[in-house]
Ligand SMILES: [Zn+2]
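Protein chains in written order, with the working numbering: chain A, 1 to 434; chain B, 1001 to 1050; chain C, 2001 to 2382.
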């Protein structure tokens, strides 16, 4: 086939994919379904024929392990929540620090950061601790729109926070860049941005109304500090052990490590928690995310198969760097809003590949970009985490007014992320500390 | 097959079980499709096809 | 209710229509016809029984000359998504003549990797080649062990014994596992077995065959540690001057662990050489991943990148064909042997097979024998 014919065929395949996605949206299908239609369209346009089924099957397993991490980490967090552990922790914080406004804000920020950091999904932060933290913030006199903005932004940061950053893991898996050295390049900016977010948005907070807060957050009956603490100690042990005894400790993998923690948490609270129900509800909660990981795998497979990924990559690698820098702050969140993780795959992989072969530190770039990706979870058409936050907090105003409330932290995150991307090599020292 | 690998097949089967349970219970077509999509990779792994 | 059954039926259709081809691919056998040079055939577990009967065990072909001399081990299929390696191995098994010394050839070092393609990679399951007697078909493979054989991944892979932390993906990578350990992951076990073989057989030269992206700096080259440097430089000069193809020398970094060109030299008396040829199908920026792309390496997007000066190999509209890639491997291996034998006459080898030009002129397929016409005992299923 001539070069021109190949260009033509690839562009047509790309148009068919976009068209299938748009048609799906017109029929008000879910984003996962629209992406699936794009996959099928792209496969047919690429001439897969019967082999399309093989591509669907093979692509779907690409991120299987990430799906399992989601499931078992979330079962673990939900058992903690069901047992009353979340309420227990927040009540303790309120009880001890109710008269220290800034410390309260910072501690509540940490509470939001943990579940997302451990599971790699900001939605888990919202689901597991969102309600409880919202009650505490409400008792500090903050409006619902401000609370929504705080929880959304910090939950987004939590998804990027180490140890589990799905965008970085997926990109590394496809670019043969080690998923190593991310801890500090992620943690430091996330802590700084998290502090900025809670202190800026929480600037109008008052000293907490202790009675109101303790009334709004139900007291877990008969729960001891141990039954909350031990599962987390087990988790820390299981995450640390392979690094302490690298050649002696069996390879458990993250899904099994979280499954063990879930079992420990359940064993300590078996009277309070029905594990089958929690598992069933967790899987139901996570189904959109699990379907997304399957479909994103298919999308990557098909776009690689039909050359559309190559075409986009070629545009990116042959574009002047300055153009790339200018469009990134927009294209990264928008692609996340359109395709969720698929956006990272389509744009992130070629970008990282190109920068890496130009001698730019890919770990810092990827850390910087993964601050921007979660912002897209607030953007339509998916707005997955944005909508989830608004409904968890119970904010009744327009979605636009919620986004407007996010604007200052949004810009701060964009600026920090882009500084990391553009000055990656000057920031390489961040990797040394971790 | 190692013991840990067997545990992973058990864990996969557990998630498949939960998905099917939810699939049977749901009334909503959008959810049914999402369950099917989520099931695909897990079933392929359980059948040791990929 | 009806709707649920329809959705389940569609799901089942995709599982079967998509899964069965994967199952067939996993069980597809490539045929190789042993040439007159082949004198023996055994399993790598001969040197480490721990891998016996596991997916980590693999086949070794022995080509022993009539005269005693040095020994060379050729490893192909370290990364099974780099097919010119295994094809070069098949080519040598069918065509190499050994007069002095012994050559061992492992065509699928990571056998598990050869049994599936990379999820998300969009690669074809097979690719084939014209031969005088018809079409010859090969399995496309993956870079690392298949999840069906090794599951789960650790959350971080730590190299033994140096303790360097690497991506969890590299826990499946046979070229991050050297020198290996007997009770480690499969990749560590198979490299351990190979290290045992290298030490026990007193191998002089170890060749590790690869392909790399045209946009990746370490491509179209010979990667060597200090001790192999002079041989590699000599071979590189020779093929550039006499055979008119580029193949530069790259120094093996000392700080990057687990690679064959680093650890084999450090942990044994052998001299390692890692050969990279440009496999354009591996690049991120290619058009459709077709079997033809794997075979002829012609791609308009890569050509565009070449025009922008983004590639690390000479590239034009003729692409980088399998004939050229295998031809390069054949010539560079033979020239390394020549350089080695000049400086180490007492451990020298004398080997011969058609080189670069002859392979490019005739096409690689010309050198493969028809398995249906061959003596059954000479046909090996891989
Ligand atoms: Zn390789």
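C-beta: ideal position from N, C-alpha, C; glycine also.
Any idea what DSSP makes of residue i, helix, strand or coil?
i, result
"residue 2075 of chain C", "strand"
"residue 61 of chain A", "coil"
"residue 228 of chain A", "helix"
"residue 379 of chain A", "coil"
"residue 41 of chain A", "helix"
"residue 2290 of chain C", "coil"
"residue 2201 of chain C", "coil"
"residue 159 of chain A", "helix"
"residue 82 of chain A", "helix"
"residue 2041 of chain C", "strand"
"residue 2299 of chain C", "coil"
"residue 10 of chain A", "helix"
"residue 251 of chain A", "coil"
"residue 2060 of chain C", "strand"
"residue 223 of chain A", "coil"
"residue 287 of chain A", "helix"
Strictly under 8 Å for the Cβ-Cβ distance: is residue i near chain B by that measure?
i, result
"residue 82 of chain A", "no"
"residue 119 of chain A", "no"
"residue 247 of chain A", "no"
"residue 219 of chain A", "no"
"residue 2148 of chain C", "yes"
"residue 280 of chain A", "yes"
"residue 61 of chain A", "yes"
"residue 283 of chain A", "yes"
Is residue i near ligand 1, judged by its Cβ being under 7 Å from some heavy atom?
i, result
"residue 2210 of chain C", "yes"
"residue 2082 of chain C", "yes"
"residue 174 of chain A", "no"
"residue 2219 of chain C", "no"
"residue 2261 of chain C", "no"
"residue 2281 of chain C", "no"
"residue 2108 of chain C", "no"
"residue 2078 of chain C", "yes"
"residue 2175 of chain C", "yes"
Where residue i and residue j are concerned, what is the direct C-alpha to C-alpha distance, given to the nearest angstrom?
i, j, result
"residue 2011 of chain C", "residue 1036 of chain B", "6 Å"
"residue 2022 of chain C", "residue 1049 of chain B", "6 Å"
"residue 434 of chain A", "residue 183 of chain A", "Confidence at residue 434 of chain A is low in this model, with a pLDDT of 47, below 50, so the placement of that residue should be treated as unreliable; the coordinate-derived value is given next. In a straight line, the C-alpha of residue 434 of chain A is about 6 Å away from that of residue 183 of chain A."
"residue 2132 of chain C", "residue 2271 of chain C", "38 Å"
"residue 249 of chain A", "residue 84 of chain A", "32 Å"
"residue 1045 of chain B", "residue 300 of chain A", "19 Å"
"residue 2193 of chain C", "residue 2045 of chain C", "7 Å"
"residue 2184 of chain C", "residue 2156 of chain C", "14 Å"
"residue 2030 of chain C", "residue 2017 of chain C", "23 Å"
"residue 188 of chain A", "residue 70 of chain A", "24 Å"
"residue 441 of chain A", "residue 2007 of chain C", "For chain A, the structure presents residues 1 to 434; residue 441 of chain A sits outside this window and is missing."
"residue 2224 of chain C", "residue 320 of chain A", "35 Å"
"residue 60 of chain A", "residue 101 of chain A", "47 Å"
Output yes if chain C places a C-beta closer than 8 Å to the C-beta of residue i; else output no.
i, result
"residue 110 of chain A", "no"
"residue 1014 of chain B", "no"
"residue 32 of chain A", "no"
"residue 1005 of chain B", "yes"
"residue 1025 of chain B", "no"
"residue 460 of chain A", "Lying outside 1 to 434, the shown extent of chain A, residue 460 of chain A is not represented and no answer is given."
"residue 1050 of chain B", "yes"
For residue i and chain A, any beta-carbon pair shorter than 8 Å?
i, result
"residue 1009 of chain B", "no"
"residue 1018 of chain B", "yes"
"residue 2220 of chain C", "no"
Examine ligand 3 and report whether any of its heavy atoms sits within less than 7 Å of the Cβ of residue i.
i, result
"residue 2015 of chain C", "Ligand 3 is absent from the structure shown, which contains only ligand 1."
Open item on the list: Can you pull out the residues from the stretch 2002-2031 of chain C whose beta carbon lies closer than 9 Å to at least one beta carbon of chain A?
Closed with: Taking a C-beta cut-off of 9 Å against chain A, the contacting residues of the stretch 2002-2031 of chain C are 2013, 2014, 2015, 2016, 2017, 2018, 2019, 2020, 2021, 2022, 2025, listed in chain order.
- [ ] With 7 Å as the limit, tell me which residues of the stretch 330-356 of chain A have their beta carbon closer than that to any beta carbon of chain C; keep them in chain order.
- [x] Within the stretch 330-356 of chain A, the qualifying residues are 349, 350, 353.
TODO: Can you give me, in chain order, the residues of the stretch 297-313 of chain A that have a beta carbon less than 8 Å from any beta carbon in chain C?
DONE: Against chain C - using a Cβ distance shorter than 8 Å - the residues of the stretch 297-313 of chain A are 297, 300, 301, 302, 303, 304, 305, 306, 307, 309, 310, 311, 313.
Open item on the list: Taking beta-carbon pairs under 8 Å, can you tell me which members of the stretch 2110-2131 of chain C lie near chain B?
Closed with: Listed by position, the residues of the stretch 2110-2131 of chain C near chain B (Cβ gap below 8 Å) are 2116, 2119.
TODO: Could you please tell me which residues of the stretch 2152-2168 of chain C, in chain order, have their CB closer than 7 Å to any CB of chain A?
DONE: Per Cβ criterion, the list reads 2152, 2153, 2154, 2155, 2156, 2158, 2160, 2163, 2165, 2166, 2167, 2168.
Task: Selection of the stretch 2199-2217 of chain C by Cβ proximity to chain A, strictly under 8 Å - done: Within the stretch 2199-2217 of chain C, the qualifying residues are 2215, 2216, 2217.
Task: Contact residues within the stretch 1029-1048 of chain B, judged by C-beta distance below 8 Å to chain A - done: In summary, the residues of the stretch 1029-1048 of chain B whose CB is separated from some CB of chain A by less than 8 Å are 1030, 1031, 1033, 1034, 1035, 1037, 1038, 1040, 1041, 1042, 1044, 1045, in the order they occur in the chain.
Task: chain A contacts from the stretch 2285-2298 of chain C (Cβ-Cβ distance under 7 Å) - done: Listed in sequence order: 2285, 2286, 2287, 2288, 2289.
Task: Contacting positions in the stretch 2352-2382 of chain C - beta carbon closer than 8 Å to chain A - done: Taking 8 Å as the Cβ-Cβ cut-off, the stretch 2352-2382 of chain C has no residue approaching chain A.
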